[in-house]
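Chemist: Read in the numbering used here, the sequence shown has 319 at position 319, and its numbers run on one by one without any break.
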Amino acid sequence: MSISLIEELPKIVSEGKKEIEKILERLNSPNKISLQTNEYVLPAKDESGLFKGEVPELTEQDWFNRLIYGDNLLVMQALLAGDPETGLPSMRGKIDLIYIDPPFDSKADYRTKIKLPGISIDQKPTVIEQFAYSDTWKDGTASYLRMIYPRLVLMRELLKENGSLIVHIDWHVGHYVKILLDEIFGKENFRNEIVWQRSSAHNDSKRAVSYGKIHDTLLWYTKSEKYIWNTQFVPYSEEYIRKNYRKIDPTNGKRFKTSDLTANNPGYFYEWKGVFPSEGRYWAYSESRMKELDEKGLIYYSSSGMPYYKNYEDEMKGIVLQDLWTDIPIPSKNERVNYATQKPEKLLERIILGHSNENSIVADFFSGSGTTAAVAERLGRRWIASDIGKPAIMITRKRLIDQNSKPFLYQSIGDYHKESFVSSKLFRRIGDLSQVVLKLFGAETFDKEQNPSRNLGYIKDNRTLVYVDSPSKLTGLNTIKKAQELRESFMGGWNKVIVLGWNFVFNIGEIIQTIDDNKLEVLVIPSDLLDQLRKKSGYKDLVKSGNIRFSSLQYLTLKEPIIKDYSSEIESITLELDNYILLSPDVLPLDEKNKKLLQKIIETEPLSLIEYWSIDPDYDGHVFRSKWQDYRGNTANDSDELRVVTKTEIFVPKKKGKRTICVKAVDVFGFESVWTWEVK
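1) Just verifying my parser: in three-state terms, what is the DSSP assignment at Gly53?
2) Go to Lys178, then tell me how far its alpha helix (DSSP H) extends in each direction, as first and last residue.
3) How many Å lie between Asn637 and Gln513 at the Cα?
4) Under the assumption that Lys654 contacts Glu678 (Cβ atoms under 8 Å), give the Cβ distance between them as a whole number of angstroms.
5) Judging by CA-CA distance, which residue of Trp675, Pro117 and Ala376 is the nearest neighbour of Leu597?
6) So, Ile68 versus Gln599, is the Cβ gap smaller than 8 Å?
7) Touching or not, the stretch 251-263 and the stretch 333-350, by the rule of three or more beta carbon pairs under 8 Å?
8) Is any beta-carbon of chain C found at less than 8 Å from that of Lys343?
9) Can you tell me whether Arg463 is buried or exposed, with buried defined as 16 or more other CB within 10 angstroms of its CB?
10) What does the alpha-carbon distance come out to for the pair Lys708 and Thr231?
11) Would the stretch 401-411 count as touching the stretch 37-45 if we require 3 or more Cβ pairs under 8 Å?
12) Assess contact between the stretch 587-595 and the stretch 603-610, defined as three or more Cβ pairs (one per stretch) separated by less than 8 Å. Is contact present?
13) When you compare each of Val375, Ser367, Leu347 and Ser369 to Glu358 by their alpha carbons, which one comes out closest?
14) Just the Cα atoms here: how many angstroms apart are Leu456 and Arg549?
15) Got a sec? Which residues, its chain only, sit under 6 Å from Ser278 by beta carbon, not counting five neighbours each side?
16) Rounded to the nearest angstrom, what separates Thr262 and Ser286 at their Cα positions?
17) Can you list, in chain order, the residues of its chain with a C-beta nearer than 8 Å to that of Val75? Leave out the 5 residues immediately preceding and following it.
18) Three or more C-beta pairs closer than 8 Å, one from the stretch 472-488 and one from the stretch 496-512: is that the case here?
19) How would you write the range of the alpha helix (DSSP H) that Gly686 sits in, first residue to last?
20) Whole angstroms is fine: what's the gap from Val55's alpha carbon to Lys45's?
21) Let me know if Arg288 comes out buried or exposed under the rule of 16 or more other beta-carbons within 10 Å of its beta-carbon.
22) Just tell me which of Thr676, Ile573, Glu611 and Ser639 has its CA closest to the CA of Lys647.
23) Looking only at its chain, what residues have a beta carbon closer than 8 Å to the beta carbon of Asn579, apart from the 5 residues adjacent to it on each side?
24) Using the rule of at least 16 other Cβ atoms within 10 Å of the residue's Cβ for burial, across every protein chain shown, is Lys52 buried or exposed?
25) Would you mind sorting Lys7 into buried or exposed? The rule is 16 or more other CB atoms within 10 Å of its CB.
26) What residue range is occupied by the uninterrupted alpha helix (DSSP H) comprising Arg26?
27) Are Ile352 and Val153 close, meaning C-beta to C-beta below 8 Å?
28) Rounded to a whole number of angstroms, what is the C-alpha to C-alpha distance between Ser567 and Ile650?
29) In terms of alpha-carbon separation, which member of Asp565, Ile581, Leu533 and Asp182 lies closest to Ser552?
30) Is Lys680 helix, strand or coil when you go by DSSP?
31) Mind pulling the alpha helix (DSSP H) runs of 4 or more residues that sit fully within the stretch 572-618?
32) Consider the C-beta atom of Lys333 and the heavy atoms of the ligand FMN; say whether any pair is separated by less than 7 Å.
33) Between the alpha carbons of Lys22 and Ser143, how many angstroms are there, rounded?
34) Within 10 Å of its beta-carbon, does Phe671 have 16 or more other beta-carbons around it, so buried, or fewer, so exposed?
35) Mark Val466 as exposed unless 16 or more other C-beta atoms lie within 10 angstroms of its C-beta, in which case mark it buried.
36) Are Ala483 and Leu520 touching if we call contact CB-CB under 8 Å?
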């Protein structure tokens, strides 16, 4: 007989508490998780090709809105630990409002449709997303609750004492999540269960066999008894106005209803135009105040001469907002950004206005299409948004640029593979993991005496040396030089060396092209390998399947920049994309039909795969500042929604000494390539 969820819950909470203890201990250790700043985004999209205005430097602000790519369990740990790279302190106890819309349907289809010139491709979730999602639902609701519990605890740690958490959920898991929230926040801090009617009618089958499921639930918890609360009103319905505001003032044509001008004691007792209050009642206002109201035409007299106060309909705020929201439909066609679970801006506007103030910090750790960040930006709030999906991050970035947001940081988990290695507990040493990688690649391994680091292997038939880099390192020039030296010297020399890397320096493509060594190959270890190895019999299953693909790196090339004097202080830089080399379709989350469609685009029009490209005309070698960008869907410069412009001219102040121009391109699958050019 299977164990019920009620019996499972105490165990889930107990395990969650132990996990949180370890996480909080780690925040004070040297191995705490950090965030890596990929880009400082200045929302200046290409319109005329002319970049104008001063660029705020990173050191000039004490706050940056942040768009973060990665597992939110790691993201929240990094926020709690603080961010030495940007100098931003720990966010513990500093967030005013957290809204989350976590996945709540195990059968949901999270595929995204990518429109390319002449074709449309269905992309499955990225490998990291797929494994995160399969872990979430592998044991049904029980594993979902194991996933959400530590995350909810970290959210409480991040909230201010007067902060609020609003969890958007539905009937699949909502009741069980509420039990966890009662445990974490205290039942006394549960404020409301808000019902949002998302559609007017819905039949779950052609022949309805149940009531239509047309609502979601918002669970509102606060960290303490003191919390931000801004009363909101909804307009009166036409029916309400007709029923209650039946009188029309002949002097101004406005609708009004009347209210009593008498009150219980204490009050005022006097004769007003031949009328006294009824027995036991008093006038609510003094005689002088009554005269003032009468002179302003704000008193209505009944046929008996009894005075009443006029309440004009157009001066009333409306009905105080209740916990049933029926006036916000799903996003309209004009608002949609091609994301399956997108929520309407009016919904987030109501939540943010009600539970935060101007300049408050609002966070969303399942940010999806970026509605929370977009609305928070528009309403003058500071924000943090994170998601584990690359499509979600790209949609959000584009959305914020479209609405001309303030500059923001685009960050990611600093050492994702290192974190996965540490948390997996599959291997005691990196050398053990390297041995597994070598075997999956099909290489023979050396004895421990020959190779103490256990990171080298070989392919006997063609005398190829295989070098596996550490998940804790960024594979770059030093690694490649070491691999070349080993090829020439290790055990008598080899015909070729292959480097297998987990993480890469941003300009790895440029390094490989500059070295131009046909006896060197650099390949990418699958990003989901550690997740696959976590499964029972993971290694054996992978060897048996033979499905592990080690891909080549993608890279971008540009034509040589044209730099001209524009004036005594300004120079123009013309940049033109030349080519984009994408890694093999075999390693992408596509089925066979879509791989074939993609292959045609790769062969005929590779630049159409670029989702956006941006330029930092004065790259400092540390933080990329996107001072110009164009992206698919930007029609301010041309009418083509499916392609970026491939050539642009920007104008920048002249500079003494050398200038490093850096171009970053991200393709429709979220892969990033960087090109740099040094001008003396």
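Ideal Cβ positions, reconstructed from N, Cα and C, are used throughout, including at glycine.
Modeler: Here's the rundown:
1) Taking the first residue of the sequence shown as 1, we reach residue 53 at position 53. Residue placement at Gly53 is poorly supported in this model, since its pLDDT is 42, which falls under 50; the coordinates are not used for a value here.
2) Reading the sequence shown from its first residue, position 178 is the one you call residue 178. Here the alpha helix (DSSP H) through Lys178 covers Gly174 to Phe185.
3) Taking the sequence shown and counting its residues from 1, the one referred to as residue 637 is at position 637. Taking the sequence shown and counting its residues from 1, the one referred to as residue 513 is at position 513. Those two C-alpha atoms are separated by around 32 Å.
4) As a position in the sequence shown, residue 654 is number 654, starting the count at 1. As a position in the sequence shown, residue 678 is number 678, starting the count at 1. With a beta-carbon spacing of about 16 Å, Lys654 and Glu678 fall beyond the 8 Å limit used to define contacts.
5) As a position in the sequence shown, residue 597 is number 597, starting the count at 1. Checking every option, the nearest Cα to that of Leu597 belongs to Pro117.
6) Here residue 68 is taken as the residue at index 68 of the sequence shown, counted from 1. Here residue 599 is taken as the residue at index 599 of the sequence shown, counted from 1. With contacts defined by Cβ atoms closer than 8 Å, Ile68 and Gln599 do not form a contacting pair.
7) no
8) Absent here is chain C; the protein component of the structure consists of one chain.
9) On the sequence shown, position 463 is the one that residue 463 refers to. Result: exposed.
10) Since the displayed the chain opens at 1 and closes at 680, residue 708 lies outside it and no answer follows.
11) Yes: the two stretches touch, three or more of their Cβ pairs being nearer than 8 Å.
12) no
13) As a first step, residue 358 must be located in the sequence shown, where it is residue number 358. Answer by Cα proximity: Val375.
14) Residue 456 sits at position 456 when you count from the first residue of the sequence shown. Residue 549 sits at position 549 when you count from the first residue of the sequence shown. Cα to Cα, Leu456 sits roughly 19 Å from Arg549.
15) Reading the sequence shown from its first residue, position 278 is the one you call residue 278. Hits under 6 Å: none found.
16) Mapped onto the sequence shown, residue 262 falls at position 262. Mapped onto the sequence shown, residue 286 falls at position 286. Thr262 and Ser286: Cα-Cα distance of roughly 11 Å.
17) Numbered from its first residue, the sequence shown carries residue 75 at position 75. Excluding sequence neighbours, Val75 sits near Leu35, Ile68, Phe365, Ser386 and Ile413.
18) yes
19) The requested residue 686 is not part of the displayed model; the chain covers only 1 to 680.
20) Translated into the one-based positions of the sequence shown, residue 55 becomes position 55. Translated into the one-based positions of the sequence shown, residue 45 becomes position 45. Confidence at Val55 is low in this model, with a pLDDT of 49, below 50, so its placement is unreliable and the value that follows should be read with caution. Val55 and Lys45 have their C-alpha atoms roughly 14 Å apart.
21) For the purposes of this step, residue 288 is taken as the residue at position 288 of the sequence shown. The amino acid occupying residue 288 in the given sequence is Ser; Arg does not appear at that position. Taking every protein chain shown into account, the CB of Ser288 has fewer than 16 other CB atoms within 10 angstroms, so this residue is exposed.
22) By one-based count along the sequence shown, residue 647 stands at place 647. Comparing Cα-Cα distances from Lys647 to each of Thr676, Ile573, Glu611 and Ser639, the minimum goes to Ile573.
23) Numbered from 1 along the sequence shown, position 579 holds the residue referred to as residue 579. Same-chain partners within the cutoff: Leu556, Thr557, Pro606 and Leu607.
24) Taking the first residue of the sequence shown as position 1, residue 52 is located at position 52. The pLDDT assigned to Lys52 is 44, lower than 50, so where the model puts this residue is not dependable, and the model offers no usable value.
25) What you label residue 7 is simply residue 7 of the sequence shown in a count that begins at 1. The amino acid at residue 7 is misidentified as Lys; the sequence shows Glu. Exposed: under 16 other Cβ atoms inside 10 Å.
26) Along the sequence shown, read from residue 1 onward, the residue named residue 26 stands at position 26. Note, Arg26: alpha helix (DSSP H), Leu5 to Arg26.
27) For the purposes of this step, residue 352 is taken as residue 352 along the sequence shown, with counting starting at 1. For the purposes of this step, residue 153 is taken as residue 153 along the sequence shown, with counting starting at 1. For Ile352 and Val153, no; Cβs fall outside 8 Å.
28) Residue numbering aside, residue 567 sits at position 567 when the sequence shown is read from its first letter. Residue numbering aside, residue 650 sits at position 650 when the sequence shown is read from its first letter. One C-alpha to the other measures close to 13 Å.
29) As a first step, residue 552 must be located in the sequence shown, where it is residue number 552. The option with the nearest alpha carbon to Ser552 is Ile581.
30) What you label residue 680 is simply residue 680 of the sequence shown in a count that begins at 1. Reduced to three states, the DSSP call for Lys680 is coil.
31) 592-604
32) The ligand FMN is absent from the structure shown, which contains no ligands of any kind.
33) Here residue 22 corresponds to residue number 22 of the sequence shown, with the count starting at 1. Here residue 143 corresponds to residue number 143 of the sequence shown, with the count starting at 1. Rounded to whole angstroms, Lys22 to Ser143 spans 19 Å at the Cα level.
34) Here residue 671 is taken as the residue at index 671 of the sequence shown, counted from 1. Buried, by the Cβ-count rule.
35) In the sequence shown, counting from the first residue as 1, residue 466 sits at position 466. Counting Cβ neighbours within 10 Å, Val466 comes out buried, since at least 16 surround it.
36) Residue 483 sits at position 483 when you count from the first residue of the sequence shown. Residue 520 sits at position 520 when you count from the first residue of the sequence shown. Yes, these two residues count as a Cβ contact at 8 Å.
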